[in-house]
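Residue numbers (the working numbering): 1225 to 1470. Glycine included, every Cβ here is placed at the ideal spot set by N, Cα and C. Notes follow the structure.
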């Protein structure tokens, strides 16, 4: 930021000015949420407390030719910098570096991993020139994905007030997390690899396996078999398992 005209201008402390703008907004409406977009991750520590929400993207994942490999690492880095109480929005490049580098499967997988790592929102960067209508594999995925993610977000953000049971998913390419909501237990699992995996889910508590396991968004159930079950994951595919209480 600068003050003055082109011939005679003075550089300002950008972080301090952004903080003043945030304070001005809060004086007018204390409950109005503010957000700041940080273009480069190296500046994130400087801006992390300037607004209520931090928006960030990483060239090593968000805009990389291959979206998934570094995504979980970058998301964990964001959280380690901004701390546990700060909300953040993560940007995923759809036309950056090229829409040819993105499939519907990768976009869905990236959205799951982003929410599983605690993001409060997701942005899709379609570039300043937009995304051509000819890329139907992009435009066709968003309406259904939005409805799916809203339900997933509700599950992932439910406050956990009791210890979660021990469930292990193998192999390590399957990224997973557990949540308990209204007496039901949810296992959210994602294949982070680009090949088919026959995953093994091990459940220590036998009572969890007392009823059929519903697979959300897929209109199918799994018959429980102690001490767990197996399920196929295609490349970048997520599954959400709902364990019904007795």
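- request: Starting from residue 1279, follow the beta strand (DSSP E) in both directions and report where the run begins and ends.
  value: By 1-based counting over the chain shown, the position of residue 1279 is 55. 1277 to 1280 is the span of the beta strand (DSSP E), which, as asked, contains residue 1279.
query: For residue 1359, which option in 1235, 1432, 1324, 1410 has the closest C-alpha, if you only look at C-alpha atoms?
result: One-based indexing of the chain shown puts residue 1359 at position 135. The shortest Cα separation from residue 1359 among 1235, 1432, 1324, 1410 belongs to 1324.
query: Taking Cβ to Cβ, would you say residue 1335 is nearer than 8 Å to residue 1373?
result: The residue given as residue 1335 occupies position 111 in the chain shown. The residue given as residue 1373 occupies position 149 in the chain shown. The answer is yes: Cβ separation under 8 Å.
- prompt: Span of the alpha helix (DSSP H) holding residue 1436?
  reply: Taking the first residue of the chain shown as position 1, residue 1436 is located at position 212. No alpha helix (DSSP H) holds residue 1436; DSSP gives it neither H nor E.
field: Backbone CA spacing between residue 1401 and residue 1298 [nearest angstrom]
entry: Position 177 of the chain shown, counting from 1, holds the residue named residue 1401. Position 74 of the chain shown, counting from 1, holds the residue named residue 1298. In a straight line, the C-alpha of residue 1401 is about 18 Å away from that of residue 1298.
Per-residue burial, residue 1361 [other beta carbons within 10 Å of its own, 16 or more giving buried]: In the chain shown, counting from the first residue as 1, residue 1361 sits at position 137. It is exposed - the Cβ of residue 1361 has fewer than 16 other Cβ atoms within 10 Å.
- prompt: Exposed or buried, what is residue 1317 when buried is set at 16 or more other beta-carbons lying within 10 Å of its beta-carbon?
  reply: Here residue 1317 refers to the residue found at position 93 of the chain shown. Answer is buried; the Cβ neighbour count reaches 16.
- request: List in chain order: all unbroken beta strand (DSSP E) runs of 3+ residues lying wholly within the stretch 1366 to 1439.
  value: 1391 to 1394, 1398 to 1405, 1408 to 1415, 1421 to 1427, 1437 to 1439
- request: Could you check the C-alpha separation between residue 1394 and residue 1428 for me, to the nearest Å?
  value: Sequence index remark: in the chain shown, residue 1394 carries index 170 (1-based). Sequence index remark: in the chain shown, residue 1428 carries index 204 (1-based). If you take the alpha carbons of residue 1394 and residue 1428, they lie about 14 Å apart.
task: May I ask which residues mark the beginning and end of the beta strand (DSSP E) holding residue 1441?
output: Counting from 1 along the chain shown, the entry for residue 1441 is found at position 217. Where residue 1441 is concerned, there is no enclosing beta strand (DSSP E), given that its DSSP letter is neither H nor E.
query: The beta strand (DSSP E) spanning residue 1262 covers which residue range?
result: Position 38 of the chain shown, counted from the first residue, corresponds to residue 1262. Where residue 1262 is concerned, the enclosing beta strand (DSSP E) stretches over 1259 to 1262.
query: What's the gap between the Cα of residue 1378 and the Cα of residue 1407?
result: The sequence position of residue 1378 within the chain shown is 154, counting from 1. The sequence position of residue 1407 within the chain shown is 183, counting from 1. Cα to Cα, residue 1378 sits roughly 15 Å from residue 1407.
message: Using only CA atoms, which one of 1436, 1392, 1397, 1387 lies nearest to residue 1419?
response: Within the chain shown, residue 1419 is the residue found at index 195, counting from 1. Nearest option by C-alpha distance: 1397.
- prompt: Which runs of the alpha helix (DSSP H) fall wholly inside the stretch 1225 to 1261 and span at least 4 residues, in chain order?
  reply: 1238 to 1252
task: Report the rounded CA-to-CA distance for residue 1310 versus residue 1304, giving the unit in angstroms.
output: Here residue 1310 corresponds to residue number 86 of the chain shown, with the count starting at 1. Here residue 1304 corresponds to residue number 80 of the chain shown, with the count starting at 1. If you take the alpha carbons of residue 1310 and residue 1304, they lie about 11 Å apart.
message: Using a Cβ-Cβ cutoff of less than 8 Å, which residues in the same chain neighbour residue 1363 once the five nearest sequence positions on both sides are dropped?
response: Reading the chain shown from its first residue, position 139 is the one you call residue 1363. Answer for residue 1363: 1355, 1357, listed in chain order.
field: Residue range of the unbroken beta strand (DSSP E) whose run includes residue 1455
entry: Translated into positions along the chain shown, residue 1455 becomes position 231. Where residue 1455 is concerned, the enclosing beta strand (DSSP E) stretches over 1452 to 1457.
- prompt: For residue 1225, is the classification buried or exposed, using 16 other Cβ atoms within 10 angstroms of its Cβ as the cut-off for buried?
  reply: Here residue 1225 is taken as the residue at index 1 of the chain shown, counted from 1. The residue in question, residue 1225, is exposed, as its Cβ has fewer than 16 Cβ neighbours within 10 Å.
query: When the Cα atoms are used, what is the spatial distance from residue 1271 to residue 1291?
result: The sequence position of residue 1271 within the chain shown is 47, counting from 1. The sequence position of residue 1291 within the chain shown is 67, counting from 1. Going from the Cα of residue 1271 to the Cα of residue 1291 covers about 25 Å.
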